[in-house]
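Each protein sequence line maps, in turn, to chains A and B.
Heads up: the first sequence at position 284 corresponds to 284 in this note's numbering, and the numbers run straight through without jumps.
With the second sequence counted from 1, adding 1000 to any position gets you this note's numbering.
Every residue, glycine too, gets a C-beta built ideally from N, C-alpha and C.
Note that the structure is predicted; figures quoted are calculated from it, not measured.
Below is one structure, written out as structure tokens, with a few remarks after it.
There are 2 protein chains.
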Amino acid sequence: MLKRLLLSLTLAGSIAAGAPAIGETDPLASWNDGAAKARIVAFVKATTEKGGKDHVAPADRIAVFDNDGTLWSEQPMYFQLAFAIDRVRALAPQHPEWKTKQPFKAALAGDMKTLAASGEHGLVELIMATHAGNTADEFAQAVRDWAKTARHPKFNRPYTELTFKPMRELLDYLRANGFRTYIVSGGGIEFLRVFAEELYGVPPEQVIGSSIKTKYELRDGKPAIVRLPEIDFIDDRAGKPVGIHKFIGKRPVAAFGNSDGDFEMLEWTTSAPGARLGLIVHHDDEVREYAYDRKSPIGKLDRGLDEAGRRGWLVVSMKNDWRTVYAPPR
Amino acid sequence: MLKRLLLSLTLAGSIAAGAPAIGETDPLASWNDGAAKARIVAFVKATTEKGGKDHVAPADRIAVFDNDGTLWSEQPMYFQLAFAIDRVRALAPQHPEWKTKQPFKAALAGDMKTLAASGEHGLVELIMATHAGNTADEFAQAVRDWAKTARHPKFNRPYTELTFKPMRELLDYLRANGFRTYIVSGGGIEFLRVFAEELYGVPPEQVIGSSIKTKYELRDGKPAIVRLPEIDFIDDRAGKPVGIHKFIGKRPVAAFGNSDGDFEMLEWTTSAPGARLGLIVHHDDEVREYAYDRKSPIGKLDRGLDEAGRRGWLVVSMKNDWRTVYAPPR
């Protein structure tokens, strides 16, 4: 928000001074000049230019962003999984049975191989034990508390500092041009809402994600939203267009992802008539972040790479297209 | 939107002319002067006055409105049920078995008594047969087509003309004061989204309602959202706070309803600290609309009437507090 305000002040100032309005401050300063950046700028110009053939009314300027691997890192494991494992440790004293019961035993031992071997069933069990049973307020507080102390194993920085500066600029740039920016994540909606406003300028009502069921009840006479150990909705793959339709009720004009989990979201967005932008962040930067795609169990990008060309999707090279990877703390 | 624009122009004009900013144009002109109107105005002043003890930041100014019976009429049956019955008639040629099968036989005959006797199971069957199986776009078109020709049995006007003028003014008034207005309806989200923007100035992403499941699939190579004959979410009673939490992720500061189906939404909204407004529209106007409350199967208002006093909820008398009931076509 601050950056956007500064930008508009700068532009207003330069207009008032009779200087060229554009050029002094580059809203996409962390993007190297090149085809990727040019394509983004051209899309925004085409969709916002009054009277242009690809003009999109402000009410329809909807841009959807995946989160894990698109707005922040996702290696060596989804940050929410790191939270779940840390929470198993925090809750372990109340669950002595976890010492011998999988997948909790593996989580407590940091034995990722056994944890992975527990499969989807094991992961769901882990999530339910660490994400349900409390109220929504209590859960949000647990996430906030965790984020204050947890550190990423490779970078030794808070997870919340590992957001991508070029993508944050892109969010700001789109909003400055009248787009509403939504996050559409395979991760948990209530986990992400804790961070989305501060990190990305995206308010809670513009965060869509996977969810567990909740119920409304009086606890000690006070109304509360209580989190239940039951899957409500998986906002991944073909679930992403479903989530978008449910929450927004409109088809986006721009979609940003990084894995095959975003394939259907990009397909849904870009197969409608008119100017559309589909963008895939390709993690090919082992030095500054990670390099992975077709063979990675996390953030697998295979079909997307194969089909990006014929579908007109822009594949962004983290290594070549980004001047900077991580943003400074906000 | 037009009204809001005109209002702001009027205010701007009167400020420029040095005249008092308030008073010339009453944004709540369809409300009789009295305690109800004064309470609404006082709430808006308290929550928007800078530096006031009850000031609410613009991002938190969230107001939630029930639809049936609160924003438009709901007698002698929910308008969506009228749509479902008309749609049974429209689809009947493709379903010869409906001639002898309940609840379809009753719907075709207009036999409301037998239809009601088919109970919740019968109604769900009716809704699934008339609301599922097609794509989201096809469904929206069917609703639009229906609204063009269907007429309300008592007033012989299109259903879409039976919105409440005082409530539309209230929506505009709140928005002019920085509130975001949401509809939180027990009715179907996709049914309501067809009308919400035009009738109430509420965009699709601010409509929350009951839903059936959908799936994303390619139909003849084109992506589509397909509606499935399975309940996804019932946005009524204790489901309303759940829906609000899921879609908005914040607790509202004002809630507007008319029946006990809105009780938990009002409770959730008004039991938080700070200035809160809970309002119940009481249908006591047999001449201009309908009179019903404790004993009505549709829009039953019983517990709400009993508890409004001690909970500080404002009960609005349609007969005494509203100068006008229906708005002219927009």
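Chain order gives no chain B residues near A/T70, where near means a beta carbon separation below 8 Å; the closest approach is about 19 Å. With contacts defined as CB atoms closer than 9 Å, A/T25 and A/N177 fail to qualify as a contacting pair. If you check the CB distance, B/R1227 and B/F1263 do not come in under 9 Å. Residue nearest to B/A1029 within the set B/L1170, B/I1212, B/I1234 is B/L1170 (criterion: CA-CA distance). A/A224: member of the beta strand (DSSP E) spanning 222-233, first to last residue. Excluding the 5 residues flanking it on each side, B/G1051 has no same chain C-beta neighbour closer than 8 Å.
The Cβ atoms of B/V1253 and B/L1279 do not sit closer than 9 Å to each other. Secondary structure of B/V1143 (DSSP, three-state): helix. Those residues of the region 1244-1262 of chain B placed with their C-beta closer than 8 Å to a C-beta in chain A are H1245, K1246, F1247, I1248, G1249, K1250, ordered along the chain. Taking a C-beta cut-off of 8 Å against chain A, the contacting residues of the region 1194-1221 of chain B are P1203, P1204, E1205, V1207, S1211, T1214, K1215, Y1216, E1217, listed in chain order. In this structure, the straight-line span from the alpha carbon of B/T1135 to that of A/V242 is close to 12 Å.
Under the DSSP assignment, B/G1257 falls in the beta strand (DSSP E) whose first and last residues are 1254-1257. With distances taken between CA atoms, B/A1327 lies nearest to B/W1072 out of B/W1072, B/A1059, B/F1043, B/P1273. Per DSSP, the unbroken beta strand (DSSP E) holding A/R219 starts and ends at 207-219.
The beta carbons of B/I1234 and B/S1210 sit closer together than 9 Å.
Between the alpha carbons of B/K1148 and B/E1198 lies a distance of about 14 Å.
Sequence-distant partners of A/D54 (beyond 5 residues in either direction) whose C-beta falls short of 7 Å from its own C-beta, in its chain, are A46, T47, G274, A275. Taking 9 Å as the cut-off, the Cβ atoms of B/A1291 and B/T1270 do not count as close.
For B/T1270, the three-state secondary structure derived from DSSP is helix. Chain-order list of chain A residues neighbouring B/I1225: P241, V242, H245, by C-beta distance under 8 Å.
For B/S1296, no Cβ of chain A is located within less than 9 Å of the residue's own Cβ. By the criterion of at least three beta-carbon pairs nearer than 8 Å, the region 1175-1189 of chain B is not in contact with the region 1213-1226 of chain B.
The residue among A/G239, A/V287, A/E138, A/L91 with its C-alpha nearest the C-alpha of A/T324 is A/V287.
Here B/S1317 is bridged, per DSSP, to B/H1282. Look at B/Y1200 here: in three-state DSSP terms it is helix. A/A136 has a beta carbon lying within less than 9 Å of a beta carbon in chain B. Among the residues of the region 1265-1285 of chain B, those with a Cβ less than 7 Å away from any Cβ of chain A are E1267, W1268, S1271, in the order of the chain. Out of B/I1183, B/M1112, B/E1307, B/F1104, the CA that lies nearest to the CA of B/I1127 is found in B/F1104. Restricting attention to A/R89, A/F164, A/E97, the CA atom closest to the CA of A/D111 is found in A/R89. No residue range can be given for A/F155, since it is assigned to no beta strand (DSSP E) and is classified by DSSP as neither H nor E. Cα atoms of A/T163 and A/K222: separation of roughly 37 Å, rounded to the nearest angstrom. For B/E1074, not one C-beta of chain A is nearer than 9 Å to its own C-beta.
The continuous alpha helix (DSSP H) containing A/G122 extends over residues 119-131.
The beta carbon of A/K319 sits closer than 7 Å to those of D284, D285, all from its chain and outside the five residues before and after it, given in chain order. Judged by DSSP secondary structure, B/V1041 falls within the alpha helix (DSSP H) whose first and last residues are 1035-1048.
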